[in-house]
Amino acid sequence: FTKVTLIDLYLCSTMEVSDSEPLNTEPLDTEAAPSTTRRRRKKSMVWEHFTVEVVSDGCTRACCKLCKQTFAYSNGSKVAGTSHLKRHIALGSCPKIKNLENQQHALASATRIDGDTSDPPKKRYRTSGFVNVFDQEQSYMYLAKMIIVHEYPLHMVENPAFVSFVQSLQPRFKMIDVNAMEGEVLSVYHKEKQNLMQIFGTMPGRISLTIGLWTTSQTLGYICVSGQYIDSDWKLHRRMINFMLVSSPHSENALSEAISVSLSEWNMKTKLFTITLDNNCSSHDIYSANLRDHLSNKNTLMLKGQLFVVRCYANILNVVAQDVIASIHGIVYNIRESVKFVKASPAREEKFAEIALQIGIPGTKALSLDVTTLWNTTYLMMEAALEYKEAFTFLETCDDNYNEAPSADDWKKVEVVCTFLKLLYDSAHTIMTTIDQTANVFFQEAWKVQLELANGTLSEDTMVSSIAKEMHEKFDKYWKDCSLVLAISVVMDPRFKMKLVEFSFAKIYGEDSARYIKVVNDSIHELYLEYVSQPLQLMPAYVDEGEANHMNGNDNNPPATPNSTGDGLLDFDVYLSEMAVNQSTKSELDQYLEESLVPRIQGFDILNWWKLNNLKYPTLSKMARDVLAIPVSMVGTGCSIFGSGTGSRVLDDYRSSLRPETVEALFCAKDWLQYLPTMTEPPSTAIVKLEF
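Residue numbers (the numbering used here): 49 to 740.
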């Protein structure tokens, strides 16, 4: 911290222009010829601390940037000058400058050494520097945000090392205790909650929820509720809205109560669209009597509730993968120990490389150990080991210390398992690399997995068919529960519409596909009619001729027969009019489905497409906004699908010891703050520039 004296705050010596120098607010005219009477550009340093505000015609006042006090500057052609403005800054009239002066004197007195109480000799020199205007309350707020975002413990404010570090940066900062910091955290939470409630109040469509379970080392648990929606600018958002303590998170009514509280607290009783559950939740809980009664009175479930419950796609991938790996846990153990043996020393690695080279193994993959809780690492470990299976067998014959090589049958089973795991691995990777995880992207992944597993069950190889049946049994249940919502979502993709549903269902269901296609077609038309029955917000009419009558609600008023031009084609004009009538009676949905598919180009932005076609399909776009916002996966963008295990997440002992309202504030505020620009840019600070 740079020590400055009272004279350091004086800016009189920096004023290099006459007191009567006016402010030239007119732009320079580079086209005009030079003039000998042209006024000199303003150079006075006083204008670094003042701005000019226009009060009325020809009258302006100078406003102090620090204390916001205003002073007379000009009245028509008469200019008041800048002497009084300089006095306000240089002589300590500004309360902000005066407060800074007092702080500087206090600091200078505290840092004098050897008992010397004499004033330091005054020096007259010119230099430049910057002094931050310190704000204690603002510093508390930023400290609270730092603790929230980085998940630091609240009691770090009482850590002597941290306190000393902060004091070295700013001696005037007064550290607060744990209780006061807890209050600062709650203050940040309530402020950001109000901002989010305002956003929800202007949300044009419905919101879909995700429900996750957390457990503690005690018998208590938490339910995490997040909401996903598409805003008026067609941007996809997901925000955590509640992190609530429940005594029995797995009880029948726990989820119902949590959802009911969230809907009431956030004023979304009439805006709920779907609910996505992880592997630990039961749809029976969602449909418990109290929640059903609440929703039937306050919220209209779209499509008679057929889309209400959605299963998490990431969870089903993890469940299927982890279960098939567990079925060969003995073989996986042998492979893991084999890799450990080879990587135990450089000498063994060198010897193993020589064996692989001798046998003729290309060695395109490097051996790696897995993390037992992440099935993708186990898959990659097995896949790499498969390439060296002959080397492991040879190593066992020439090294008496190694006896973990899998048998030929074991390697065959690993090869089959890896073939099916690759389906799940590639699907998960595609989802994770998608920037906007709108609901339409999941159908393309799910139907391919369903088809390959179903085909695997028909294999003549008993080993292949048995492993495929084990995996297909679990994934088929997911497909039956969620294929309708996935299909409706992909129909909202103008690159596919009903065509991909027809194509994929023909491969999955064969001759019986027509029945399943009809279910999707009927459901999407029924859902569209429900949106038609809702009031439509007023918006500018679409400019395309031929659609204007329909969009203005004039379906029953056909356009008048155009006047004949005298070319003998009156019958042709009548024909065109009849065609226009037929087209105008078609719904937005039918027109959309009948139009040609949009080309499948790389980087296609489906949300931007609907934004551009919002006026063309005013009702259908409302339906598309809600459908595309369904969170088919509970794992957000940028997070690893492989890390979301099949069990409930566990709250650590420290968080479990905090008050429930503090835990909710820490979790929710961390989620909200990550989207604020102030968390990625340095905070702005009021700065006074001194020259002395």
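For each residue, glycine too, the CB sits at the ideal point set by N, CA and C.
This structure is a prediction, so every number in the text was calculated from the model and none was measured.
Cβ neighbour criterion (16 or more within 10 Å) applied to residue i
i	result
E687	Correcting the residue type first, residue 687 is Cys in the shown sequence and not Glu. Exposed, by the Cβ-count rule.
T108	buried
H377	exposed
H97	buried
Q246	exposed
L148	buried
A516	buried
I483	exposed
C42	Lying outside 49 to 740, the shown extent of the chain, residue 42 is not represented and no answer is given.
S104	exposed
Q582	exposed
G275	buried
Straight-line Cα distance separating residue j from residue i
i	j	result
D474	G651	19 Å
Y723	V675	24 Å
D371	K496	20 Å
W423	M430	11 Å
L443	S531	49 Å
T99	Q117	11 Å
D619	Q639	26 Å
A362	I259	14 Å
F321	T486	15 Å
L284	F248	13 Å
Y427	V680	24 Å
E709	E642	53 Å
I556	L534	15 Å
Y200	H238	19 Å
L311	V226	33 Å
L663	K545	19 Å
S212	P725	30 Å
T33	A369	Since the first residue of the chain shown is 49 and the last is 740, residue 33 is not available in this structure.
A128	I145	23 Å
V454	K525	Contrary to the premise, residue 454 reads as Pro rather than Val in this sequence. Cα-Cα distance, rounded: 33 Å.
V622	D281	42 Å
Y590	S295	Residue confidence for Y590 is low, a pLDDT of 44 falling below 50, so the modelled location carries little weight and cannot support an answer.
E230	R135	44 Å
S698	M511	Checking the sequence shown, residue 698 turns out to be Val, not Ser. Approximately 37 Å, taken between the alpha carbons.
DSSP-derived helix/strand/coil call for residue i
i	result
E500	helix
L645	coil
L472	helix
F291	strand
N656	helix
N424	helix
Y723	coil
V698	strand
I409	coil
Y436	coil
K283	coil
G353	helix
R359	strand
K461	helix
K126	strand
V181	coil
C115	coil
Residue range of the unbroken alpha helix (DSSP H) whose run includes residue i
i	result
F523	510-539
V100	Here V100 belongs to no alpha helix (DSSP H); instead the beta strand (DSSP E) covers 98-104.
T481	It is not in any alpha helix (DSSP H) - T481 carries neither H nor E in the DSSP assignment.
R135	131-138
P666	666-676
A414	That residue, A414, is in no alpha helix (DSSP H); it is neither H nor E in DSSP.
V683	Here V683 belongs to no alpha helix (DSSP H), and DSSP marks it neither H nor E.
M384	In the sequence on display, residue 384 carries Arg and not Met. Residues 377-390.
M229	226-249
A707	Reading off the sequence, residue 707 comes out as Arg, not Ala. Taken as a continuous stretch (DSSP letters only), R707 belongs to no alpha helix (DSSP H), as it is neither H nor E.
Residue range of the unbroken beta strand (DSSP E) whose run includes residue i
i	result
K107	Per the sequence shown, the amino acid found at residue 107 is Cys instead of Lys. Where C107 is concerned, the enclosing beta strand (DSSP E) stretches over 107-112.
I255	255-263
S122	118-123
F321	320-325
V273	269-278
Any C-beta of chain D under 8 Å from that of residue i
i	result
K525	No chain D is present in this structure, which holds just one protein chain.
The segment 461-468 contacting the segment 412-422, beta-carbon criterion three pairs below 8 Å: no
contact_flag[the segment 203-217, the segment 244-257] where n(CB pairs < 8 Å) is 3 or more: no
Inter-stretch contact at 8 Å, needing at least 3 Cβ pairs: the segment 384-404 / the segment 556-571: no
Three or more C-beta pairs below 8 Å linking the segment 697-709 and the segment 181-189: no
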